[in-house]
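According to this note's numbering, the sequence shown holds residues 44 to 110 in order.
These notes are about the structure you will find just below.
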Amino acid sequence: MNQLSTKDVMLLEDTLKICENMTKFISSASNMCTDPQLKALCGTMVNEHRNSSQTLASYITQQGRLQ
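Take a look at the structure:
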């Protein structure tokens, strides 16, 4: 696997922060929802964003070890 540049890692870190913020936002929106289907959709979106965040964090950590 090719090593990423510092700039690339910084971009991934920024993307991770955005993904984490979206997770918090959607989770808050879910708590305000009264419609069960919309609440379920928000829950699915939260899970997907959490998975993406974990994947990005893992990749960033791995790249940090390689540099």
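Ideal Cβ placement from N, Cα and C applies to all residues, glycine included.
Residue i versus the options, residue with shortest Cα-Cα distance
| i | options | result |
| --- | --- | --- |
| Thr66 | Val52, Thr87, Leu55 | Thr87 |
| Val89 | Met53, Ser71, Thr49 | Ser71 |
| Ile69 | Val52, Leu84, Leu99, Glu56 | Leu84 |
| Asn101 | Ser48, Thr49, Leu59 | One detail in the question is off: residue 101 reads as Ser in this sequence, not Asn. For Ser101, the nearest C-alpha among the options comes from Leu59. |
Exposure of residue i, with buried meaning 16 or more beta-carbon neighbours within 10 Å
| i | result |
| --- | --- |
| Ser96 | buried |
| Ile61 | exposed |
Start-to-end residues for the alpha helix (DSSP H) that takes in residue i
| i | result |
| --- | --- |
| Thr77 | Where Thr77 is concerned, there is no enclosing alpha helix (DSSP H), given that its DSSP letter is neither H nor E. |
Min CB distance residue i to chain D below 9 Å
| i | result |
| --- | --- |
| Val52 | Protein chains in the displayed structure number just one, and chain D is not present. |
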